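First residue of the sequence shown? That's 291 in our numbering, and the numbers climb one at a time after it.
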Amino acid sequence: MERFSVKVMTTVCVGKPSAVFQILLCGESPYACKECGKAFIWPLPIFIHRQIHSIAKSRECKECGKAFSQSSNLSIHNRIHGGKRPYECKACGKAFRHSSKLTEHMRVHSGEKPYECKECGKAFSYPSFLTVHMRTHNGERPYECKECGKAFKQASHLTSHMVTHSVEKPYECKECGKGFTNASYLSIHMRIHSGVRPYECKECGKGFIKASHLTVHMRTHSGEKPYECKECGKAFSQASHLTTHMGTHSEEKPYECKECGKAFTKASYLPVHMRTHSEEKPYECKECEKVFPKASHLTAHMRTHIGERPHECKQCGKGFRKASNLTVHMRTHSGERPYQCKECGKAFTQASNLTVHMRIHSGERPYQCKECRKGFTKVSHLTVHMRTHSGEKPYECKECGKAFTEASHLTRHRQTHTGKRPYESKECGKALTNASYLTTHIRIYSGERPYECKKCEKAFSYSSSLSVHMKTHNGERPHKCKECGKAFTEASHLTSTWELTVERRFMNVRATGPPIARAPPPLPARYPPGGRRRFLDAE
């Protein structure tokens, strides 16, 4: 059979074969289209095929020259140039060029998700979303950056990433000057300034500028956390939160600040951080003209004007302006402190608190005052400190008019009017005005001493006690007596010395009679209220 088939092939190709055998065996096509090169066996199909090219030329777009085989497709295409969007959503007013796009969009409002993942059961409104989602299971990242080799699951993510190489942002906001790589990003951004929030939560009525934000928000009601860490099993409501969390396991932070060396897990965090150095604050409040480095900070700030606190704790009813603040607050009820210091074992409810705490061990003070060169571990501490130079006290009590440099000081002061002490010790029933005071108070019973001296290994319940103790090693005595020049490590020791000085003088008056007219020296600022009266009464 093999010999016979070879013989047939040789005979057919050498002789005068039929058109069909000529194409099948020799690869030749007698009827080829001159326009596109497509080949045919018979003359009739190529005749019909050529009509497509001639019809397409008659259906050519006059604006850009693009040709279409159907006049309906040309009509739809012309809407791009004319800006015509005849299919409008009755729910939010958004318009589309295609009726099919409107049908897909309506699923945002109806909640319909017909495309389900067979791996995890998650459903999607669009088939393209399911395609992208499947890559989280199979690990596929088909879009690779030619500059650095980084791969992405979506083409749009690669496009956004390419900006980090080119830094080209042609679409600029006329309100704040912020640039965007895409016109659609600018349209969404403009909602921050206009206040338009077309996507509303049916549960609580909260509005959002993006449909994706509403989707994420709905998880606060349903409790859904679809993104789980394979390392520790912790689940998250957003994929970005999982990505950030994964950095706590790998400790990989490839994006480093050239100013201070601080590194980040995501490229988008770095430009925002750079504003702490440049002092750039592009987002301005129209109510009070206060400016902010982040759009999210402006959004949270706006709630101080309208009094909105949409995120409520189900345990105690306390409301918060930000969902992240509620998440942190919930840890006061659960006792969860997931961020632990490897140096001293102290645990924190927030990663940022751990970062700041680590500066106690490293001695790092990255935020420096330009007036007196004093350094601080937190930028907020520097902001408050600057008020000692400017004299600014922006937080005023409406009851008595007393003003404060910090909001927390005003909050504590208000409790002197209300008498409210919401934090009660389970050990002794003592009520306190502040949660941090309760945490510190509990150490009386637990015996916990988390602050240890590296010099002598002595441990303390409070960080302030450790700070005072450290002065015994370095010889620092900042509190000096103006009368005799004696210096002390603590202000309270200086106060005690003043008490003894005043007491001895009055005892001397009783023993020897009135001395030469001379007013007793002024007591230090921290002298206990009524202290001088106590010694006068003793006389």
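Glycine is no exception: its CB is placed at the ideal position from the N, C-alpha and C atoms.
On a predicted model such as this, the values are computed, not experimentally measured, just so you know.
(message) Can you confirm whether Ala557, when its beta carbon is compared against all beta carbons of chain B, has any partner nearer than 7 Å?
(response) Of the chains in the structure shown, none is chain B; there is only one protein chain.
(message) Need the endpoints of the alpha helix (DSSP H) that Glu394 sits in, please.
(response) Ser389 to Ser400
(request) Give the straight-line distance between the Cα atoms of Ala781 and Cys547, rounded to the nearest whole angstrom. (result) If I take the Cα positions, the gap works out to 40 Å.
(message) For Lys761, report the span of its alpha helix (DSSP H) as first-last.
(response) Looking at the DSSP string, the run of the alpha helix (DSSP H) that includes Lys761 is Ser753 to Asn764.
(message) Restricting to Cα atoms, I'd like to know which of Ser474, Met452, Arg481 and Ala473 is closest to Glu465.
(response) Arg481
(message) Quick check on Thr779: buried or exposed, where buried means 16 or more other Cβ atoms within 10 Å of its Cβ?
(response) By the Cβ neighbour-count rule, Thr779 is buried, with 16 or more other Cβ atoms within 10 Å of its own.
(request) Determine which residues share a DSSP beta bridge with Lys770 and list them. (result) Ala777
(request) Output the distance between the C-alpha atoms of Glu773 and Lys688, rounded to the nearest integer angstrom. (result) 41 Å
(message) Check for me: the alpha helix (DSSP H) holding Pro404 runs from which residue to which?
(response) From DSSP, Pro404 is part of no alpha helix (DSSP H); its letter is neither H nor E.
(request) State the start and end residues of the unbroken alpha helix (DSSP H) segment that holds Ser527. (result) Note, Ser527: premise wrong, no alpha helix (DSSP H); not H, not E.
(message) In this structure, how does DSSP classify Ala613 when only helix, strand and coil are distinguished?
(response) helix
(message) If distances are taken between C-alpha atoms only, which option among Lys408, Ala413 and Glu409 comes closest to Gly401?
(response) Taking only the C-alpha atoms, the option nearest Gly401 is Ala413.
(request) With Pro561 as the anchor, note down where its alpha helix (DSSP H) starts and where it stops. (result) Tyr559 to Ser568
(message) Tell me whether the stretch 517 to 526 and the stretch 487 to 506 touch, counting them as touching only if at least three CB pairs, one residue from each stretch, are closer than 8 Å.
(response) no
(message) Can you tell me whether Ile336 is buried or exposed? The criterion is at least 16 other CB atoms within 10 Å of its CB, across all chains shown.
(response) Result: buried.
(request) Compare the C-alpha of His623 against each of Gly635, Thr639 and Ile366 and name the closest. (result) Thr639
(request) List the DSSP bridge partners of Val581. (result) Glu574
(request) Tell whether a beta-carbon distance below 7 Å holds between Ser866 and His699. (result) Examination of residue 866 is not possible in this model, given that the chain is present from 291 through 829 alone.
(request) In angstroms with no decimal places, state the Cα-to-Cα distance between Gly719 and Glu602. (result) 27 Å
(message) In the DSSP assignment, the alpha helix (DSSP H) including Thr645 goes from what residue to what residue?
(response) Ala641 to Ser652
(request) Taking only the alpha-carbon atoms, compute the straight-line gap between Leu476 and Tyr461 and give it to the nearest angstrom. (result) Roughly 7 Å between the two C-alpha positions.
(request) Between the Cα of His388 and those of Ile370, Tyr405 and Arg397, spot the shortest distance and give me the residue it belongs to. (result) Ile370
(request) Could you have a look at Phe294 and say whether DSSP puts it in helix, strand or coil? (result) Because Phe294 sits at a pLDDT of 35, beneath the cut-off of 50, its placement in the model cannot be relied upon, and the following sentence gives the value as read from the coordinates. Three-state DSSP puts Phe294 in a helix.
(request) Inspect the beta-carbon positions of Glu549 and His531 and report whether they are closer than 7 Å. (result) no
(message) Quick check: what's the CA-CA separation for Lys524 versus Ser361?
(response) 54 Å
(request) Pick out whichever of Val506, Lys543 and Cys690 has its Cα sitting closest to the Cα of Gln528. (result) Val506
(request) Report all residues from its chain with a CB closer than 7 Å to the CB of His451; omit the five preceding and five following residues, and keep chain order. (result) Cβ within range, chain order: Cys435, Lys440 and Phe442.
(message) If you measure between the beta carbons of Phe756 and His769, is that distance less than 7 Å?
(response) According to the sequence as given, residue 756 is Leu; it is not Phe. It is not a contact, given that the beta carbons lie outside the stated cut-off.
(request) Identify the continuous alpha helix (DSSP H) that holds Pro417 and give its terminal residues. (result) Pro417 to Asn428
(message) Glu430 and His455 - do their beta-carbons sit closer together than 7 Å?
(response) no
(request) Identify, in the order they occur along the chain, each residue of the same chain with its Cβ nearer than 7 Å to the Cβ of His395, setting aside the five sequence neighbours on each side. (result) Leaving aside the five residues that flank His395 on each side, the residues in its chain whose CB is nearer than 7 Å to its CB run, in chain order, Cys379, Lys384 and Phe386.
(request) Run the CB neighbour count on Thr701, radius 10 Å, all protein chains shown included, and call it buried at 16 or more, exposed below. (result) exposed
(message) I'd like the span of the alpha helix (DSSP H) that includes Lys734, first residue to last.
(response) Just to set this straight, residue 734 is Ile in the shown sequence, not Lys. Looking at the DSSP string, the run of the alpha helix (DSSP H) that includes Ile734 is Ala725 to Ser736.
(message) Using CA atoms only, rank isn't needed, just tell me which of Asn615, Val618, Arg599 and Cys634 is closest to Gly609.
(response) Arg599
(message) By the DSSP assignment, the alpha helix (DSSP H) with Ala381 in it spans what residues?
(response) Careful: Ala381 lies outside any alpha helix (DSSP H) and carries neither H nor E.
(request) Inspect the beta-carbon positions of Cys659 and His647 and report whether they are closer than 7 Å. (result) no
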